[in-house]
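The numbering of the sequence shown is the numbering used here, which starts it at 295 and goes up by one.
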Amino acid sequence: MTRFVAGYLRFSALWLPRMLITLAGMAVVLPLAAAALARLFAHDENMPLVWLDTFTFWLYTPAYPVLAVALLFRVRILSAVSLAVVLAHLTFIAPDYLAGADEPPPEGSTLVRVYAANILVSNPDLDAMASAVIAADPDLLMIAEFSTAAGEALANAGVEERLPYQVTYPDGHVGIALYSRYPMTDAHIWDAGDGTPFTQARVEIGGREVTVIGVHTTAPISRGDKHEWDLQFEALLGVINSVKTPLIIGGDFNMTQHHKWYGSLEDAGLRNAHRACGRGNATTWPNGQSRLPSIRLDHVWMSDSFSCVDIREGAGLGSDHKPVIATIALPPLQGTATD
């Protein structure tokens, strides 16, 4: 009897902790496994999935300590499920770390500095914002949440002297502007399908005509917002597929590298400047204005004619977004390179 009781106690001492670890661990990793499967088979199909994909980098991190504990206590089923989640997570984020930076551009390439910023319509320090633009000295400037006051601050800082060609739509949260050092043709505002304005113009860079588009899509917070978000990307892709020139597109896309529309832009032949410069893990939002984890909502996209030379994020003074400042290069036309 004594041996039986001792054996039972030893069994309970091992079994009970493992059972508790299994139950607690499964409560963590099974929802994460479901989220990973949903990304594979129903990518961004509804609002909860959009939000889960938004925070992909952070969402799956609890699976790592669960895997460590499961391996330590040799809980096989929990080890298997948590390992599957960890591998899925690594697959999702790997492109941000494995994509190598572009090679230096060939001699004779034309460098273009692009500055894309959501300056926040309620920005209390527009003068500092404008000074940051002057300090960056861009060739192309895309502004989201552009207002009359923002336009005045930029003008007072001397931006219009440096970037004399512009198309603007000052209208609060949906306000948008495109400034250029290069003369513009066919500069216009177009409706992304639901009253959301995007800017577009053609400029000549390095002897080639280039189409430039500035965007600010709706943040997919509600079901109605997601519908607008989808419509705007469909409209943008329609324009991209119709344009025959090289493209530069910048702005606040309200989209991370883990959303389906990111892949759609890549499928359309565009390259993300952050990844092209080997900085796919960079973030731009919420810039200290929220306790939510940092993600990248702001992007510069370019045709494969361009290469990325340098990219960084500005301070984003007064805004919940950091600006993206990208230097990209357009190689010379064949037969025009200098010896």
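Every residue gets a Cβ at the ideal spot worked out from N, C-alpha and C, and that includes glycine.
Treat the numbers as computed from the prediction; the structure is a model and nothing was measured.
State the CB to CB distance for the pair residue i and residue j, rounded to an integer number of angstroms; the pair is presumed to be in contact (CB under 8 Å).
i, j, result
"glycine 319", "valine 344", "Not confirmed; about 27 Å, so no contact."
"asparagine 548", "proline 514", "7 Å"
"alanine 424", "valine 453", "6 Å"
"arginine 407", "isoleucine 619", "7 Å"
"aspartate 546", "serine 584", "Not a contact, Cβ separation roughly 15 Å."
"phenylalanine 440", "isoleucine 589", "Wrong, their Cβ atoms sit about 23 Å apart, outside the cutoff."
"alanine 464", "threonine 442", "Checking the sequence shown, residue 464 turns out to be proline, not alanine. At roughly 5 Å, the Cβ-Cβ gap stays under 8 Å, so proline 464 and threonine 442 are in contact."
Can residue i be considered in contact with the ligand GTP, in the sense that its beta carbon sits closer than 6 Å to one or more heavy atoms?
i, result
"alanine 362", "As far as ligands go, the structure on display features none, and thus does not contain the ligand GTP."
Which value, in whole angstroms, describes the spacing of the CA atoms of residue i and residue j?
i, j, result
"glycine 394", "leucine 314", "44 Å"
"threonine 479", "valine 497", "6 Å"
"threonine 550", "alanine 567", "13 Å"
"leucine 303", "valine 375", "Confidence is the limiting factor: at leucine 303 the pLDDT is only 42, short of 50, which leaves the residue's position unreliable and the question unanswerable from this model."
"alanine 300", "proline 325", "Reliability fails at alanine 300, whose pLDDT of 47 lies under 50, so the model's placement of it is uncertain and no value is given."
"valine 468", "arginine 370", "52 Å"
"histidine 521", "leucine 317", "38 Å"
"phenylalanine 305", "leucine 346", "Below a pLDDT of 50, predicted positions are generally treated as unreliable, and phenylalanine 305, at 46, falls in that range; the measurement from the model is reported next regardless. The alpha-carbon atoms of phenylalanine 305 and leucine 346 are separated by roughly 40 Å."
"glycine 574", "alanine 422", "28 Å"
"glycine 445", "glycine 501", "30 Å"
"lysine 554", "leucine 541", "20 Å"
"aspartate 396", "isoleucine 622", "10 Å"
"proline 398", "proline 587", "33 Å"
"aspartate 485", "alanine 327", "39 Å"
"proline 625", "leucine 365", "52 Å"
"alanine 631", "phenylalanine 600", "For alanine 631, the pLDDT reaches just 46, beneath the cut-off of 50, and the residue's location in the model is therefore unreliable, although a value from the coordinates is still provided. Those two C-alpha atoms are separated by around 16 Å."
Between which two residues does the beta strand (DSSP E) harbouring residue i extend?
i, result
"serine 474", "470 to 474"
"asparagine 412", "404 to 412"
"threonine 442", "Segment 442 to 451 is the alpha helix (DSSP H) holding threonine 442; no beta strand (DSSP E) there."
"glycine 508", "502 to 510"
"isoleucine 605", "601 to 607"
"arginine 565", "564 to 566"
"methionine 478", "478 to 485"
Nearest to residue i by alpha carbon, out of the options?
i, options, result
"valine 363", "Leu377, Ala609 and Ala486", "Leu377"
"threonine 493", "Val504, Ala422, Val509 and Asp347", "Val509"
"alanine 576", "Asp604, Met596 and Lys554", "Asp604"
"valine 506", "Thr539, Thr621 and Arg606", "Thr539"
"aspartate 524", "Met436, Asp419 and Asp338", "Asp338"
"threonine 628", "Gly402, Gly466 and Ile413", "Residue 628 is actually glutamine in this sequence, not threonine. Comparing Cα-Cα distances from glutamine 628 to each of Gly402, Gly466 and Ile413, the minimum goes to Gly402."
"glycine 518", "Gly544, Asp488, Glu503 and Ala529", "Asp488"
"serine 558", "Glu528, Cys571, Pro587 and Leu586", "Glu528"
"cysteine 571", "Pro356, Tyr391 and Ala330", "Tyr391"
"leucine 353", "Ser373, Ala330 and Asn340", "Ala330"
Ends of the alpha helix (DSSP H) at residue i?
i, result
"leucine 346", "341 to 348"
"tyrosine 391", "370 to 392"
"leucine 531", "517 to 536"
"alanine 495", "First-last for alanine 495: 491 to 499, but that is the beta strand (DSSP E), not the alpha helix (DSSP H)."
"isoleucine 622", "Not the alpha helix (DSSP H): isoleucine 622 falls in the beta strand (DSSP E), residues 618 to 624."
Going by the beta-carbon positions, is the gap between residue i and residue j smaller than 7 Å?
i, j, result
"leucine 564", "tryptophan 579", "no"
"isoleucine 428", "alanine 451", "yes"
"alanine 410", "valine 537", "no"
"glycine 466", "valine 415", "yes"
"alanine 471", "alanine 481", "no"
"proline 418", "glycine 608", "no"
"glycine 610", "methionine 436", "no"
"alanine 447", "leucine 405", "no"
"proline 477", "tyrosine 459", "yes"
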